[in-house]
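See below for the structure under consideration.
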Amino acid sequence: MLFYCWTYQVRYDIGVTGLNRPNFWGFYITNFVFWIGISHAGTLISAILRVTGAEWRRPVTRCAEAITVFALCVGGLLPLIHLGRPWLFYYMLPVPSQDLLWPNFNSPLVWDILAIITYLTGSVLYLALPLLPDFAILRDRSLRSNPSGFRARLYSLLAAGWRGTPQQWHSLEQGI
């Protein structure tokens, strides 16, 4: 049903959603702000728990960081859905096209995409770095049970060479 409604909107214009002048964003901006707000809440919870250094925080911190990444992904889709022609989204990316046309930097959609990409990159790193030791444990366990299996290769890739040396632990703590 959702896909049908979105296809209908793309085919017959965004006015079918009731978003006409002067009310262009309506539903989409409300949901965009909601999901970005949820991502900020996840970041805030994670940061407060890390700064306080509480040892019980680890599962809560990971959940908050995962919620941040998920909410950013959902919120990042809303500007694309709002576009009248979403298959042309690459014109919003801040790089010149093959016709050497730069995006319209006065458009809030361009800044939304740029902000979401930047925030998502930082959030994914903030989530993935503390997972390196866990991926290394999974790698070691899967190498013992089935050294040539898919899981062993996957966890070896995700562990990124983590060995648990004091220097690596120090770098990880400094990075977070």
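In this note's numbering, the protein residues as written are 1 to 176. We put the CB at the ideal spot given by N, CA and C, even for glycine.
Item                                                                                                                                                                                : Value
What is the DSSP secondary structure of Gly122, counted as helix, strand or coil?                                                                                                   : helix
Decide if Ala136 is buried, meaning its Cβ has at least 16 other Cβ atoms within 10 Å, or exposed.                                                                                  : buried
Going by C-alpha to C-alpha distance, which of Ala160, Leu138, His82 and Tyr126 sits closest to Ile29?                                                                              : His82
For Val33 and Phe27, I'd like the C-alpha separation in whole angstroms.                                                                                                            : 10 Å
Report buried or exposed for Ser156, applying the criterion of at least 16 other Cβ atoms within 10 angstroms of its Cβ.                                                            : buried
Measure the alpha-carbon distance for Val110 versus Leu80 and round it to whole angstroms.                                                                                          : 11 Å
I need the DSSP call for Trp87, collapsed to helix, strand or coil.                                                                                                                 : helix
Could you name the residues of the same chain whose beta carbon sits closer than 6 Å to that of Thr68, not counting the 5 residues immediately before and after it, in chain order? : Ser39, Gly42, Thr43 and Ser123
Classify Arg141 as buried or exposed, calling it buried when 16 or more other Cβ atoms lie within 10 Å of its own Cβ.                                                               : exposed
Between Leu120 and chain B, is there a C-beta pair that is closer than 9 Å?                                                                                                         : The question asks about chain B, but that chain is absent: this structure has only one protein chain.
My output table needs one value for Pro147: the three-state DSSP class, helix, strand or coil.                                                                                      : coil
May I have a chain-ordered list of the beta strand (DSSP E) segments no shorter than 3 residues that lie completely inside the stretch 49-83?                                       : none
Give me the Cα-Cα distance between Leu114 and Asn31, rounded to the nearest whole angstrom.                                                                                         : 18 Å
Report all residues from its chain with a CB closer than 6 Å to the CB of Arg177; omit the five preceding and five following residues, and keep chain order.                        : The question about residue 177 has no answer here: the residues shown for the chain are numbered 1 through 176.
According to DSSP, is Asn106 part of a helix, a strand, or is it coil?                                                                                                              : coil
Is Leu72 closer than 9 Å to Leu129 when the C-beta atoms are compared?                                                                                                              : no
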